[in-house]
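These notes concern the structure reproduced below.
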Amino acid sequence: MARIYFFTQGCSANVADSEVMQGLLSEAGHEIVYDEKHADLIVLNSCTVKGPTESAFIKKLSEIKEKNPDKKIIIAGCIPQSQLKDYSDYSRIGTYQIKRIVEAVEETLKGKIISFLDRKDEGRLNLPKIRKNELIEIVPISQGCLNSCTYCKTKHARGELNSYLVKDIVRHISKAVDNGAKEIWLTSQDNACYGSDIGTNLANLLKSTLTIKKDFKIRIGMGNPQHFVSYLNELIELMKDKRVFKFIHIPLQSGSDKVLKDMNREYKVSDFVKVVSKFKKIPNISVMTDIIVAYPTESEKDFEETVKIIKKLKIDMINYSRFWPRPGTPAAKLKLVDGAEARDRTSVIMNLFKKLGLEHNKQFIGKEQKILITEKGKNGTFIGKNDSYKQVVVKGNYKLGQEVNVKIKEASAVDLKG
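Start counting the sequence shown at 12; every next residue gets the next number (my numbering).
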């Protein structure tokens, strides 16, 4: 049997895919190792969302070839699935075929070059897996999305929406909790459109999940604003349950309707404002958004509109990124914003995040918060999340999986200290 090392990039869905592939390999008798120098074969589970992530993948591949030219390699994930003609001299397994990882590994070790890039999604629930964090279960609820954003390369890799059945997701979660999971992440390319293809929605899924009478908490992953509208009130009521983190992630991308139209985002700024405003009626909720800075058609005025909306709604968590042209997307053909201007705009958003994040987090100082310890930090610290899904760093003699009450002493834009 072989020793396999995984290098995983990207989103939580990609992490979940690696966990499943590792579980399948382990069940087949192979050993998962955590130092590539001990591996017979390396799986590079790749991400294509931005230029820097692909550059990091290329750098990693080059390093492996230079240090260990005879090492067997399989390229997995979004890069081979979205760039079918590239890397054909390596074994490749795409985002739809992860259940074939054992076959891919064993054939590659025999010296064959395999290509499992078919687009038949056979699901990835209720399969063996090795969790990156034994307390956190990442649950893919669907693959693909309903959108066709002009800048998005992930769509090329993950395709159209394919929602998994509520009963299968609930069974998966129940089993994961029985196996020690305390924190459940519902993840996909767009949680808000879950179920549109099978006659259900995210609220129905959450309602069914909450029938599981066990000890766990749920984090709802990213969802686009236009898809929340039809069931928003029901979802908000369900989120008041103590087992649901008071956290929501809704991308804005731009505060300009013109730019949103250019991006083919299929909603207006007013739609985003209405949805976020309703969610913010939940006490202590944390709202995260995504911003693409310096999209090619973004003027200075457009950018100022983005800043204005973030300030108006007091968004406390911002995942911001400078625009990166991705090959094969319509936006890649457009003229880029001047580099210095793009950097200046990025700095403005970064500083705004620091200000708003700190203002929001200061409310917790002096308050006692219940947190679940899920990670070991640096210098003898432990890390957990409070009910608003804010990271809390504590010192003390704790154990992973322990629930503790902590009085918050300090706050920054990104975490709390107890």
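C-beta atoms are modelled at their ideal positions from N, C-alpha and C, and glycine is treated no differently.
Predicted, not measured: the structure shown is a model, and the values here were computed from it.
| Query | Result |
| --- | --- |
| If you draw a straight line from the alpha carbon of LEU324 to that of VAL287, how long is it in whole angstroms? | 8 Å |
| Enumerate in chain order the residues of its own chain whose CB-to-CB distance from PHE314 is below 6 Å, with the five nearest sequence positions on each side excluded. | ARG356 |
| Would you kindly work out how many angstroms separate the C-alpha atoms of THR340 and LYS410, rounded to a whole number? | 47 Å |
| Should the segment 190 to 203 be regarded as contacting the segment 231 to 241, the criterion being three or more beta carbon pairs within less than 8 Å? | yes |
| Can you name, in chain order, every residue of its own chain whose Cβ lies under 6 Å from the Cβ of ILE180, other than the five neighbours on each side? | ILE152 |
| Buried or exposed: which applies to GLU24, given that a residue is buried once 16 or more other Cβ atoms fall within 10 Å of its Cβ? | The amino acid at residue 24 is misidentified as Glu; the sequence shows Ala. By the neighbour-count rule (16 or more Cβ atoms within 10 Å), ALA24 is buried. |
| LYS83 lies in the beta strand (DSSP E); which residues open and close that run? | 83 to 88 |
| Go through its chain and collect everything with a Cβ distance to ALA168's Cβ below 8 Å, but skip five positions before and after it. | THR59, GLY88, CYS89, ILE90, GLN92, SER93, GLY105 and THR106 |
| Just how far apart, CA to CA, sit VAL31 and GLU311? | 45 Å |
| Measuring straight from C-alpha to C-alpha, what distance separates CYS156 and ASN408? | 44 Å |
| DSSP has GLY395 in a bridge; who is on the other side? | ILE384 and VAL403 |
| Out of curiosity, what's the CA-to-CA distance linking LEU383 and ILE394? | 8 Å |
| Assuming contact is defined by CB atoms lying nearer than 9 Å, are VAL26 and ILE149 in contact in what I supplied? | yes |
| Taking only three categories from DSSP, how would you classify MET12? | coil |
| For the candidate residues LYS78, VAL188, LEU52 and ILE43, whose alpha-carbon lies nearest to that of LYS123? | LEU52 |
| Determine the burial state of MET250: buried for a count of at least 16 other Cβ atoms within 10 Å of its Cβ, exposed for fewer. | buried |
| Starting from MET299, follow its DSSP beta bridges and name the residues at the other end. | HIS260 and MET328 |
| Give me, in chain order, the residues of the same chain whose beta-carbon lies closer than 7 Å to that of THR165; leave out the 5 immediate sequence neighbours on both sides. | THR59, VAL60, CYS89 and GLN200 |
| Assign SER159 to one of two classes, buried (16 or more other C-beta atoms within 10 Å of its C-beta) or exposed (fewer than that). | exposed |
| Do ILE360 and ALA422 have their beta-carbon atoms positioned less than 9 Å apart in this structure? | no |
| For MET274, which residues in the same chain have their Cβ closer than 8 Å to its Cβ, ignoring the five residues on either side in sequence? | CYS160, THR161, TYR162, GLN264, SER265, ILE303, TYR306 and ALA342 |
| If we ignore side chains and look at the alpha-carbon of each, how far apart do ILE125 and ASP46 end up? | 24 Å |
| Can you tell which of LYS82, ASN56 and ILE147 has the C-alpha that lies nearest to the C-alpha of GLN108? | ASN56 |
| What are the uninterrupted segments assigned as beta strand (DSSP E) that are 3 or more residues long and contained completely in the segment 132 to 195, given in chain order? | 147 to 151 |
| Measuring alpha carbon to alpha carbon, tell me which residue in LEU347, THR308, MET299 and LEU216 is nearest TYR440. | Outside the shown range of the chain (12 to 429) lies residue 440, about which nothing can therefore be said. |
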